[in-house]
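One structure below.
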Amino acid sequence: MDDQLNTASSAHAGERPLHYRSHSLDWVNGFAGVLLIATLVIAPWLLGGRPAWARWGLSLLVCLTSVACLAGSLINRKLGQISPVLVAIVALMLLGLLQQIPTASPSVSHLNHALLSQQIPYSSESELESLPAASSHLTVAPNQTWNAIYLYSLSASVFVITSLLSSRTTFVRTLYYSLAINGMILSLFGVYQKVRWNNVPFGIVDLEYGGQPFASFINRNNASCYLLLCFAAGLALLLRLRSRNRKPTGNSWKQGRDDETQLIVGVGLGIIAAGILASLSRSGVVSLVTSVLIIVPLVVKSRRGLMTAIGGLIAWALVVSVTGWFGASLARFLEIGEDSLSLGRLDHWAHTFPGIWDFLWTGAGLGTYSTANRPYQSLDLWFTRADNQYVEFLLEGGLLGGLILAAGVGGLFWYVKKLTRSTRLFGIGESACILLIFILASQLVHALFDFGIVLPAAMMTASALCALGTSRYHFYASLEASDEPSDDANNGKSPLDNSGYCDRRVAIGCLGCVLIVQIFAALHWYRESEAESIAQNARSLERLMPHPQQDLLLADLQRRIEAFDTPHPLVLQSQSILAERAFRTQMASLLNPATPDFTRQEWSFTGFARLTLTTLGKSELTSQLRQMIQEKGLRRILVEQETSELAEIATAPMSGLAWDRLMYVRWMLNSDQKEVLSAASIAALLRPFDVDTQLTYAMLLANYGEHQQSQKIYRHLTELPNPDWNRIWSSARQFYGVEMIAEELIPEKAGPREQLLQIITVPEDRIAYARWLLKNTSPGTEKRNLYSPDLHYLRGRSHAILGQHEEAISNLQEAVDTRPLSKEWRLQFCELLIHAGQNQLAREYLEKGSRIHPGDPSIERLYQKSLQGNSKPEPVTSTETPSAT
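Count the sequence shown with our numbering and you get residues 14 to 898, in order.
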């Protein structure tokens, strides 16, 4: 339909055609279109693994291309109009630049106050004053804000290119097809991944903080956000095909082909919707349903269309119901009332509000949420994202950023209003109107539960689609003006003039700002790349044992550090790494003075974390270590490193690694208790998932008598994903008794209690723990988190440790009968039966186990043992977890 409209508007008498062909700059526009579509298609498959030079290089290339396209439009006036929404995007980028301005009263003082006065109970005003003076910016993390500026500038360039090329029907159609096909492939890949790859994206990504990936995204909510945009593109394409088929062309073959294309696009939309449902993203499903309910009354205008829509929905539901995703998705929604929602969202948002108040006007810095929100969270409720884009953006952008964002969204609603009028009066613009409505509805709802729109792939795609919708309005408005008589024609004005678009000179100014920012960002990146190169070399040396061949590399690294003009956190961090390496080298050589070289074990032992965790709580070892530091000249190195760490903290107050090293250095220097605990508490606050840091902090608190706070840290360690129970037990056992650890530190769940049965090796501790289990797991005091099979298993193992074989056999038999698929329980039960001489009963249970686990070597070996009548037990190994003997 748009093709005929182009022709009609170009043929208007006495007027220059709106979209005439000019070959002088067509190659620039063609290159811009190919670059844009390739960028939008490839972006979601890169997993955020692009190096910094590739990101900035792509951004600069797209920006230069947009400038070239805009310059060409000034010469020939043949391209589409640009919406004033571009001004809002550029304003957000300029806000990020404003946040980079150094200030005499740094905003990090709020963070220091929050760190010391709220999270550290024993802090004082003198400690607040003793913190290093921070020469900071309005943003709490300049590098993270630079990354956000790059993202907004890239989105502005994408917006301009899409707006200018939107007058090309071929480009619009190709963009719709590309995004729809990309979303369909991502959906199919995500479904295959869930079925075959056990939720691992590409089989290579390690999910440090957990999460549920889908397709190429490490978070299913992020994936659903992008798939919603692909669904919007496919929906607009379907409406374009439908509107073109409404007008008879006399070519039945072409009309039949278009009908087939509509069917294929409809199937593609069903696949994308199935992918959103299969991702089990609650925000994605709610956003999809909400948006579809909003647009259905606008799209379905006849009884035939209604019946077609209902039939397609029923067919889609029947196909999807076979996979069982409806039940899995419903189960996800039933989890809303559980504690995880409150902990992960409601409580987290409530903790963030004081931070929003502290950074009320200009925000903490675009892209800095993961850093800025940390001091305001409790130790057990830290999340790198808010899972609510409104809360996150208020903290990052403040009221100024919120007003800019509201103006941009308001502008999009204005275009929806105008496009609705155009569709109602003239029958054109329906696809662009529905496109904007679907994007606004889905993303505004999705932003309540996730942050997916700030990912590069989603933000660039949303920017391109919004530019397409707004610029198509100007195209349709020009057609309306050309078809209607105008009073302005008598005054010499062109009937193609229309209000509501951005003057090209304003657009040139905006793109000039973007280009200048890109150049400054490239210079900043060059400086950052040198610092990153120094830090990378230092980290590579940190992992290697000293060797004479490294002297040249070490000397070159020292020269580059000294030549760096201004203090930089990464350079200071590299300096600290080299100082720690010098300390470790001397310490390793002192551990075994009889030989000129030291072993790898001695080198590993001298690491700050290993050295501290090994000696802390042991007064004799601690005295020997400090005496060695004092007598062998190591104190000078530690004092220099303390100075270096304080300098790094002055440039990057939120560097958890710097606070972590400062904690170790101060403890080895035997500094004042408050100084050690201040550094330790901030390090633990900024590195909540680092086990070494948390264990050291807990042990320091216990060593200094702060037992209540120490026990809180130990409980936090037990709640981490895959906790290291062996280290937690051995560390806490140095300060607390068995019953106290089991009562206060270990969660009331069967899994942790079973783990302790496996790791406790000291006979006295095993007996004490077994008695405590029998006392606290009696049938009359059964906890709600301990179900019957686990209860019987724990009691059976405890009776076995205490030598009460009859009670042990009775409880373990009940546990195995109730949970017959547990191979480990069956092996331990049968081993106890053989030890008690009940070989026949053991063989019966082993035969049942061999039918459940055919060919298992552990069962076969234990069965042969029962045939021999061996009453002396041997260790049993299995493929699951090692059993305690």
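Every residue, glycine too, gets a C-beta built ideally from N, C-alpha and C.
If you're wondering where the values come from, they're calculated on a predicted model, not measured in any experiment.
Tell whether a beta-carbon distance below 8 angstroms holds between residue i and residue j.
i: R5; j: V689; result: Nothing about residue 5 can be reported from this structure: the residues present for the chain run from 14 to 898 only.
i: G324; j: Q157; result: no
i: A711; j: I726; result: yes
i: L468; j: N235; result: yes
i: L9; j: T706; result: Residue 9 cannot be examined here, being either before or after the span of the chain that is shown, 14 to 898.
i: C526; j: V103; result: yes
i: Q724; j: G630; result: no
i: G93; j: L178; result: yes
i: M676; j: L651; result: no
i: G421; j: V98; result: yes
For residue i, tell me which candidate among the options has the shortest Cα-Cα distance.
i: H581; options: W616, S657, G630 and A534; result: S657
i: L250; options: Q275, R233, A236 and I231; result: Q275
i: Q549; options: I574, S72 and S176; result: I574
i: I95; options: R485, A576 and H812; result: R485
i: S86; options: L99, S180, L111 and V47; result: S180
i: T790; options: S811, R779, A363 and V775; result: S811
i: A671; options: K687, L698 and N683; result: L698
i: R5; options: P666, S835, A693 and G482; result: A question about residue 5 goes unanswered here, because the residues of the chain that appear run from 14 up to 898.
i: T619; options: I642, E633 and S632; result: I642
i: N401; options: W329, P388, V302 and T365; result: T365
i: G1; options: K631, Q686, R253 and W58; result: An answer regarding residue 1 cannot be provided, because it is not within the stretch 14 to 898 covered by the chain.
i: L416; options: L730, L105, K836 and I822; result: L105
i: L254; options: I289, L301, T182 and C82; result: T182
i: Y205; options: S292, W362, R68 and C238; result: S292
i: I289; options: N683, A51, L825 and R233; result: R233
i: L758; options: V775, E732, Q771 and I780; result: E732
i: N915; options: L713, P666 and A660; result: The structure shown does not extend to residue 915, since the chain is modelled only from 14 through 898, so no value can be given for it.
i: Q881; options: N852, T187, L241 and N160; result: N852
i: T78; options: W40, L110, I114 and Q112; result: W40
i: C76; options: V171, V775, L566 and L634; result: V171
i: I50; options: V100, A84 and T175; result: T175
i: A828; options: F842, G850, Q817 and T664; result: F842
i: I466; options: E405, L481, E819 and L110; result: E405
i: L201; options: V280, Q571 and T187; result: V280
i: N824; options: Y403, I450, L570 and L804; result: L804
i: M753; options: V309, Y782, A286 and L151; result: Y782
DSSP three-state label for residue i, please.
i: F184; result: helix
i: I95; result: strand
i: F464; result: coil
i: F451; result: helix
i: F230; result: strand
i: L880; result: helix
i: I773; result: coil
i: W370; result: helix
i: P469; result: helix
i: K631; result: coil
i: I114; result: coil
i: A363; result: helix
i: K8; result: Residue 8 is absent from the model: the chain starts at 14 and stops at 898.
i: Q9; result: The first residue shown for the chain is 14 and the last is 898, placing residue 9 beyond what the model contains.
i: T619; result: coil
i: D869; result: coil
i: D703; result: coil
i: A291; result: helix
i: L675; result: helix
i: N683; result: coil
i: N605; result: coil
Per the contact definition of three or more C-beta pairs closer than 8 angstroms, is the region 467–485 in contact with the region 159–167? yes
For the pair the region 418–430 and the region 174–193, tell me if three or more CB-CB distances fall below 8 angstroms. no
Is the region 448–461 in contact with the region 293–303, if contact means three or more CB pairs nearer than 8 angstroms? yes
Could you give the uninterrupted runs of the alpha helix (DSSP H) lying entirely in the region 720–771, keeping only those of 4 residues or more? Within the region 720–771, the complete alpha helix (DSSP H) runs of at least 4 residues are 720–731 and 738–746.
Would you call the region 542–559 in contact with the region 194–205, where contact means no fewer than 3 C-beta pairs closer than 8 angstroms? Contact check between the region 542–559 and the region 194–205: fewer than three CB pairs, one atom from each, fall below 8 angstroms, which does not count as touching.
In chain order, which alpha helix (DSSP H) runs of at least 4 residues are fully inside the region 813–856? 818–831 and 836–848
Minimum length 4: unbroken alpha helix (DSSP H) runs contained in the region 524–598: 564–576
Are three or more beta carbon pairs between the region 830–839 and the region 862–882 nearer than 8 angstroms? yes
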